[in-house]
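Protein chains in written order, with the working numbering: chain A, 16 to 355; chain B, 7 to 681. Quick reminder that beta carbons are idealized off the backbone N, C-alpha and C, glycines included. A short write-up of the structure that comes next.
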């Protein structure tokens, strides 16, 4: 009864999970790796469900059978050291069944693992992602140094192209995980790891750090925008452009503040004197979809909130609350908004 | 033959060699006569001394001193076991409270009931408390209480070490929760991965407190393991061969050996972490040629066996309950024993499956996938044996048996999701998500806490002399069982939908709202049910029906003792001729006699065949274990602050241990001769 209830309760939940958006879900099926995961997962699920049904059937049979009193090998009958001859055969069959099932699953797992390792061999695009407490530094590598691109907390990937992402960490252990596309891989200081992703369809997917990395582990997300190859090339070209010099007076005041005061100590804005390397690159900040590593959507209001007091939006974040005067705040936000 | 006899023989030989003169010879003869006189006065149990007279004499020898000093000095395994169980249940309640707080925070997206820093403390404290201060100690506590009774003996081996083990555990728990009260609780997870827990990223004392708390529990668990393994191997009733030993004793034997092999690994790891933090070594500092991953290897080499250290005693509980309530011995005794032993061995070959995402060589991973799946075979066999016992017997569904059924329905799900995450490609998606949280709660609550609640209900009359309420027990069971499914089943969905573990909040719109809300409601139901269990226990303690010696008509020896058992457990040591002695012996149990009753003495037997070997004198109540534990606690806690504390603090520890182990004067004592 209870298992049926559990199954009845689980079914709608599973369906709802499947139909739900594929924004950040291992059921998202948006990458070749995730597709392989799903195929393997449902194979495992089916076999495990069958085994579970078998156990429950045996349990129910045992409970039902007790009503037929008299034939049991119990202490009252004095035959409690005997057992039904069927049980011995049953034990042997059960052992064979369990071992065979596990062997089959282990082989399936091994084959899937090998085929995923093969996919990793043919990369066409190389990206280096460096994790920091609590944001992602992203570098698009190119044999042409002038084409090397640095950004943060957002990946743009061309659909159908195998991408190898090299993973580094500047501080503690993090884990790179975009569930809709592929499984996770840890970023470990002092070690080089990588993950290969082949996006299958365009769309926007969310990833999140999956290894506890300190106080703001929950707010260490990144957005992956899978686009067509043409769009991807255009995006890359656009991102290579240095930041435009602002023309509005307010934005100019902001430019002066950002490049001459605290901000420039940590952040880089290409084409300006701001060249700090501690925080995320801000060159095209306003073109991104989210702020502070996925803490909040990009927008004027959130920019105000973030610049004015990062510590209340993301407590423990490495960005200090600077204490801007209101006019400075207006100017800085006006400038940041121009960084499209 | 006892130790004392052998000593006196030696003395004799020495005298002869020394060529003792006439005067000495006369003195010696005088001494012999005196001893012969005294020997006549020695009281030992036997046909002439039995019944109420014997029990009164035993009581005088075994009773601990009264008053607070006696209470602190006791070495009675039943008192220590009770303290262990009660303390562990208090920590269960505290850890559960933290879980409720976390579920409240996670009940809706972007909630800001509890902040990030506090939430990290909560899950660190929850995991640490549940693993180190509840799950392992409660199993040890139950074993320390029941194993000597089950084996038909009067005490555990090394009773003072047993007392020391409890105090170390208590002080470790007080350290952790004292730190929480002082707002310096650890916040780096119960696994304390470096470099996050290292000196650079965790300044302050939080991580040190975690590491030292682990050191306390290591010392405690190792002591308890030595006590249990020795008791099980050397103190069984005559005739209780290894092949007739109750399955719970088998489980605890395997667990004891596992503790002895796994705890040193975490002891090493935590010492290296403290050393990195306190004196600036670089074991885990990758920038100075240390290795951050070394921590994970050492930690999980302990951490995975730890799971089986918690689970195997629970399988012992299930076997005990199955036997009693199905009215027949567990089907396939050798199969279950082999399953326990092979699980214990395999448990040491799985640790890398916690590290599938760290980028170790992938072909190597395949071996750990295979090993992890292999563990399902012995576990699957045990499940079959229990079901076959139910099928072949005539199960009575009283509360303990309900927990066994709940265990099978729940634990098997956890075992099967365990098979799923043993696969590398699947684990890479599911690792560190709520799917894992669901998995291990199915395994640890379904697999260990359900049987524990069942066995506490089952042994409650033995421990307290009163029965727990059956009606309230059934309500509690159904609430806890259904509440558990509601709390933890949706976590599978949340994990698949991309919810990582250890996040203090999650954004709206990821599809995580419903599963989290259901989990939170389920968590509250479970918490209420646990409260009901406690209420049932407390009320039954005072108002429950008075329990007979063997209320469930069970077969094992603990039910031959009185409820609750007297300090000496059994008036005569029983003799065993089958696996189910109380079912197979009609009338009185056969016994051996000849143990001294004017002093604390127990019988040790051979390891395999359990033939009587010698009479072992037992130590009296003593304050030295407590003093030694206090001195060790001072050393451990002060070494959080200064490395010199290790040197200075070692002095009181040495003094306490020297006093504890101070050799007794070798005196020729009269010995009863067993004829």
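Query	Result
Any alpha helix (DSSP H) of 4 or more consecutive residues that is wholly inside the region 36 to 98 of chain A	47 to 80
Residue 68 of chain B - DSSP class collapsed to helix/strand/coil	helix
Own chain partners of residue 208 of chain A with C-beta closer than 7 Å, once the 5 adjacent residues on each side are dropped	182, 200, 201, 202
8 Å Cβ cutoff, residue 399 of chain B in contact with chain A	yes
CB contact check: residue 7 of chain A to chain B, cutoff 8 Å	In the structure as shown, chain A begins at 16 and stops at 355. Residue 7 of chain A is therefore absent and cannot be evaluated.
Under 8 Å between C-beta atoms of residue 414 of chain B and residue 383 of chain B	no
Other residues of its chain near residue 418 of chain B: CB distance less than 7 Å, five sequence neighbours each side excluded	389
Three-pair Cβ contact test at 8 Å for the region 146 to 153 of chain B versus the region 249 to 262 of chain B	yes
Residues in the region 590 to 605 of chain B having any Cβ partner in chain A nearer than 8 Å	none
Minimum length 4: unbroken alpha helix (DSSP H) runs contained in the region 491 to 518 of chain B	none
Contact set between residue 199 of chain B and chain A, taken where Cβ atoms lie within less than 8 Å	187, 188, 226, 227
Chain-ordered residues of the region 426 to 449 of chain B with a beta carbon less than 9 Å from chain A	426, 428, 429, 430, 431, 432, 433, 434, 435, 436, 437, 438, 439, 441
Alpha-carbon spacing of residue 421 of chain B relative to residue 666 of chain B, whole angstroms	46 Å
Short Cβ contact (8 Å threshold) for residue 517 of chain B with residue 503 of chain B	yes
Three-way DSSP call (helix, strand, coil) for residue 152 of chain A in this model	strand
Where residue 108 of chain A falls, given that 16 or more other Cβ within 10 Å makes a residue buried	exposed
Euclidean distance between Cα positions of residue 528 of chain B and residue 487 of chain B	10 Å
Limits of the unbroken beta strand (DSSP E) element including residue 218 of chain A	218 to 223
Any C-beta of chain B under 8 Å from that of residue 128 of chain A	yes
Own chain residues within Cβ distance below 8 Å of residue 480 of chain B, not counting five before or after	405, 408
Nearest to residue 312 of chain B (by Cα), restricted to the options B/262, B/249, B/620	B/262
Residue 142 of chain A, buried or exposed, once every other Cβ within 10 Å from all chains shown has been counted against 16	buried
Residue 423 of chain B - containing alpha helix (DSSP H), residue span	405 to 428
Sub-8 Å separation of residue 444 of chain B and residue 505 of chain B beta-carbons	no
Nearest residue (CA-CA) to residue 99 of chain B, options B/71, B/78, B/130, B/136	B/136
Terminal residues of the beta strand (DSSP E) in which residue 239 of chain A lies	236 to 242
Residue 439 of chain B burial status per 10 Å Cβ neighbour count (16 or more: buried)	buried
8 Å Cβ cutoff, residue 66 of chain A in contact with chain B	yes
Contact set between the region 201 to 214 of chain A and chain B, restricted to residues whose Cβ is under 7 Å from the partner	201, 203, 204, 205, 206, 208
Contacting residues, own chain, Cβ-Cβ under 7 Å from residue 285 of chain B (five flanking each side not counted)	649
Spatially closest choice to residue 425 of chain B from B/412, B/446, B/411, by CA coordinates	B/446
Residue 226 of chain A (DSSP reduced to helix, strand or coil)	coil
Contact with chain A by residue 662 of chain B, beta-carbon distance below 8 Å	no
Simplified DSSP assignment, three categories, for residue 289 of chain B	coil
Sequence-distant residues of its chain with Cβ nearer than 6 Å to residue 317 of chain B (five each side left out)	453, 454
Short CB-CB distance (under 8 Å) between residue 38 of chain A and chain B	yes
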